[in-house]
Amino acid sequence: MDSPDEYDIIRLLCCEIKIDPVVLSCSHSFCRVCLQQFWRTKETQECPLCGRRSSSDDPLCEEVCSLHCEKLDFFCLEDKQPVCLVCRGSQEHVNHTFRPISEVISLFKEELITALKPLGKKLKSCEYIQGNCKVEHIKSQADQTEHQIKQQFERLHQFLRDEEEATITPLREEEEQKKKMMEKLNRDVSALSYTIKYMEEMMKANDVYFLKKFPDSIERVQISSQPDPQILIHVPRYLGNLPFRVWKKMQDIVQNTPVILDPNTAHPDLILSEDLTSVEYRIVEPLSVFLIILRDLTIIPVFLVQRVLTQEHTAGMWRLKGVRGGVLE
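Under our numbering, residues 141 to 469 are what the sequence shown spells out, in order.
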């Protein structure tokens, strides 16, 4: 070395067990921090021992064993750590299995590449969603879905209103009938009261007069004593099992549809119905070409179905319909 100062620096370098050791291309090893500190002092990137310079921007070479300052040429499969030749023969690694670094590095890289493939697919999926699911599109979806929800509930509400009216109308008609019957009953009460009073007066008359009026009187009593019709409202006719009866009728307009189409996964050329139970595909290609396209579409998870779909072709348009209530449409 050229001066005592440089010698002292080198002598002080790495006097203990090396921390984060590295080996230069000249095969001399040092602590990474010590070497970088020396380079900052010298303002040149050269070996502190032999003075050999490196033309590379980052002349640090491969790392070495922190215990033995030897190159890490092997990999311990049990400890999952790179080791040097001295470590391999030490008591700490007795009965361990070793492989050359060059051998395991290729295997581990392949393993990492395999592990990265699902992440790559997930990234593409996320990028696709990011590109297609803008805030405006999500708002449009929410508005349209809310509108359709309100439409379907309005249909149910209208059905319930119709059923309510259909139940109340005969009740009102019966009410009018009962009112008329009540008016007749009031007239009958007045007539009966008059008849009873007349009979009581007649029985107070002399015998001859009583005998003359008796035939007519007994006939009037027999006519007036007939039983009265049912005047009260037949409440059970209207309230008995009312929710169940309405629910049974609702089944005629509301059916379970086992075909559920997902617009988020549908091909852009597919047109889904508002209730997501049927799909249309407008084509300009020959039929054979379309069948190939349709076959390829089966890999897209657009149909979340439990039963087989049927197809219908009319005027250049294919329509796929689902199963309602166990019957193909």
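Idealized CB from N, CA, C, for every residue including glycine. All of these numbers come straight from a predicted model, not from anything done at the bench.
Asked: Beta-carbon proximity check, H208 vs C190, cutoff 8 Å; Found: no
Asked: Straight-line gap, M321 to L351 (C-alpha atoms, nearest Å); Found: 36 Å
Asked: For K211, the three-state DSSP class (helix, strand or coil); Found: strand
Asked: Whole-angstrom C-beta distance between E243 and C224, which should lie under 8 Å; Found: With 8 Å as the limit, C224 and E243 do not qualify as a contact, their Cβ atoms being about 16 Å apart.
Asked: Between the CA atoms of V204 and R172 - distance to the nearest angstrom; Found: 11 Å
Asked: Local Cβ density within 10 Å of V136, reported as buried at 16 or more and exposed below that; Found: This structure cannot speak to residue 136, because the chain is shown only from 141 to 469.
Asked: Distance cut-off 7 Å: Q288 Cβ against heavy atoms of the ligand PLP; Found: Annotation note on the ligand PLP: not contained in the displayed structure, which lists no ligands.
Asked: Coil, strand or helix - L300 by DSSP; Found: helix
Asked: Under the three-state DSSP convention, the category C117 falls into; Found: Examination of residue 117 is not possible in this model, given that the chain is present from 141 through 469 alone.
Asked: Where S413 sits in the DSSP three-state scheme; Found: coil
Asked: One or two residues paired with C216 in a DSSP bridge; Found: Q221, F238
Asked: Counted within 10 angstroms of its Cβ, other Cβ atoms place L263 as buried (16 or more) or exposed; Found: exposed
Asked: CB of R193 within 8 Å of CB of L217, strictly; Found: no
Asked: Close-in-space but distant-in-sequence residues of the same chain around V386 (CB under 6 Å, 5 per side omitted); Found: E303
Asked: Residues sharing a beta bridge with S169, DSSP; Found: V163
Asked: Buried versus exposed call for C266 [16 or more other C-beta atoms within 10 Å across all chains shown]; Found: exposed
Asked: Inter-residue spacing [alpha-carbon to alpha-carbon] between A255 and L296; Found: 51 Å
Asked: Exposure of V348, with buried meaning 16 or more beta-carbon neighbours within 10 Å; Found: exposed
Asked: Three-state secondary structure assigned by DSSP to E420; Found: strand
Asked: V442 (DSSP reduced to helix, strand or coil); Found: With a pLDDT of 45 at V442, under the threshold of 50, the modelled position of that residue is not reliable, and the figure given next carries that caveat. If DSSP states are grouped into helix, strand and coil, V442 belongs with coil.
Asked: Boundaries (first-last residue) of the alpha helix (DSSP H) holding V386; Found: 382–390
Asked: Other residues of its chain near K318: CB distance less than 8 Å, five sequence neighbours each side excluded; Found: I371, L372, I373
Asked: Of the residues M339, L311, I358, the one placed nearest P376, counting alpha carbons only; Found: L311
Asked: Inter-residue spacing [alpha-carbon to alpha-carbon] between T405 and P398; Found: 18 Å
Asked: Where L401 sits in the DSSP three-state scheme; Found: strand
Asked: Cβ-based neighbour list, D213, same chain, cut-off 7 Å, excluding 5 preceding and 5 following; Found: C224, L225, P240, I241
Asked: Boundaries of the alpha helix (DSSP H) in which P376 is found, first to last residue; Found: 376–379
Asked: Bridge partners - V204, DSSP secondary structure assignment; Found: K211
Asked: Cβ-based neighbour list, A282, same chain, cut-off 8 Å, excluding 5 preceding and 5 following; Found: none
Asked: Inter-residue Cα distance where the pair is L416 and Q288; Found: 11 Å
Asked: Same chain, Cβ closer than 7 Å to Y378, five either side skipped, listed in chain order; Found: T307, L311
Asked: Q270 to E414 span [Cα, whole Å]; Found: 25 Å
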